[in-house]
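Numbering (my numbering), first residue to last: 221 to 577.
As structure tokens, then:
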């Protein structure tokens, strides 16, 4: 007896998506975090156009991503119109498109990924975005996610949206609800190809901060130690972590320039911080307090360590002409590569089997 249902090799079916040349448009490309996530996908070949108006960010991008298949443009994205989109015939669009010309594009992208700061989900811009996506035939899912949910010891809560045109997601999505955790996908509900690419993204165990630190010598450490004036004025509000800690606060573009709420600092000594606080209460002079505070060996994380915590590859590097302040600013405006990679794999795999969210 012959089945009326067509037979399909799910592995072959899902993997075909990555066998053709993919066209990617990366808006607000920054230092290339999105591109690093794309490089981690099982895409055989792709052409990518990256657009950003920031000269320093573009320099870092070219320094790390210069290749024959990548075109970097320094321009305002508001200058991009429907003619550009139609000419480029994009498969994947990352970051938020200008909504007005987007409604007039003949060759709409198949897939879209948007990242923005927490708070975007309540903005008028977000409302316009989802209205535009719905009117253009996209299904979408919104997330509020942080890297520590993917076992990266850093908190960086961000708004994300993935959108797919004319196709359903292979998890139960709901356009009316934000998802506050990565979809809980059972590998039994996926073909083997999709299982492999999805579950490569998640570390099985949360690793300590020590795995992300540079091996600095004493002279290098000196350049990152907190100055006395910061120790005396801001010690009580610092988020202090040690090398065996399993979390760090979000690093912002003002890290080291401003202190409150801009990111964690690292304690390099073995002193008990509670004992140090008790000693401070017994101090008679500011000079005595500074001596005690210095004993903690508090330092800023280096730009390289922050890029490690943001899941950039170990070979990621900055051009030599950038200052440390510029590096912090660029990293503070960037994305966590692992979170983007995971969402792209959710977005791009076309497995017909259903998983539960």
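Even glycine gets a Cβ: it sits at the ideal position worked out from N, Cα and C.
Item to check | Selection from 313, 498 and 290 that minimises the alpha carbon distance to residue 297 | outcome: Among 313, 498 and 290, the Cα nearest to that of residue 297 is on 313.
Checklist entry - Assuming residue 258 and residue 266 make a contact with CB atoms under 8 angstroms, what is their CB distance in whole Å? => result A Cβ-Cβ separation of about 7 angstroms places residue 258 in contact with residue 266 under the 8 angstroms criterion.
Item to check | Cβ neighbours of residue 223 in the same chain (closer than 8 angstroms, five flanking residues each side left out) | outcome: Confidence is the limiting factor: at residue 223 the pLDDT is only 34, short of 50, which leaves the residue's position unreliable and the question unanswerable from this model.
Checklist entry - Are the segment 443-450 and the segment 334-346 touching by the rule of at least three beta carbon pairs closer than 8 angstroms? => result The segment 443-450 vs the segment 334-346: no contact.
Next on the checklist: Quick test of your reading: residue 559 and residue 426, contact by CB under 8 angstroms. State the CB separation rounded to the nearest angstrom.
Outcome noted: Rounded, the Cβ-Cβ distance is 15 angstroms, inconsistent with contact.
Next on the checklist: What would DSSP say about residue 521, mapped onto helix, strand or coil?
Outcome noted: Residue 521 falls in the coil class under three-state DSSP.
Next on the checklist: Which of the three DSSP states is assigned to residue 536 in this structure?
Outcome noted: Coil at residue 536, not helix or strand.
Item to check | Contact set for residue 341: own chain, Cβ-Cβ below 6 angstroms, skip 5 residues either direction | outcome: So the list reads 379, once near-sequence residues are dropped.
Next on the checklist: Quick check on residue 272: buried or exposed, where buried means 16 or more other Cβ atoms within 10 Å of its Cβ?
Outcome noted: Buried, because 16 or more other Cβ atoms sit within 10 Å of the Cβ of residue 272.
Checklist entry - Alpha carbon to alpha carbon, what distance is there between residue 480 and residue 253? => result So the alpha carbons of these two residues sit roughly 26 angstroms apart.
Checklist entry - Nearest to residue 562 by CA position, among 510, 260, 245 and 540, is which residue? => result Of the candidates 510, 260, 245 and 540, the one whose C-alpha sits nearest the C-alpha of residue 562 is 260.
Next on the checklist: Taking the straight line between their C-alpha atoms, what separation do you get for residue 568 and residue 352?
Outcome noted: In a straight line, the C-alpha of residue 568 is about 21 angstroms away from that of residue 352.
Next on the checklist: So the candidates are 328, 365, 518 and 367; which of them puts its Cα closest to the Cα of residue 303?
Outcome noted: Comparing Cα positions, the closest option is 328.
Next on the checklist: Can you find the residues in the same chain that come closer than 7 angstroms, C-beta to C-beta, to residue 553, ignoring five residues on each side of it along the sequence?
Outcome noted: Annotation for residue 553: 250 and 473 place their beta carbon closer than 7 angstroms to its own, counting only its chain and skipping 5 residues before and after.
Next on the checklist: Does the segment 456-476 come into contact with the segment 507-525, if we say contact requires no fewer than three beta-carbon pairs (one atom in each stretch) closer than 8 angstroms?
Outcome noted: They touch, by the three-pair rule.
Checklist entry - Between residue 555 and the rest of its own chain, which residues show a CB-CB distance below 6 angstroms, the 5 nearest in sequence each way excluded? => result Excluding the 5 residues flanking it on each side, residue 555 has same chain C-beta neighbours closer than 6 angstroms at 253 and 335, in chain order.
Item to check | Contact set for residue 557: own chain, Cβ-Cβ below 7 angstroms, skip 5 residues either direction | outcome: 253, 256, 257, 530, 531 and 532, listed in sequence order.
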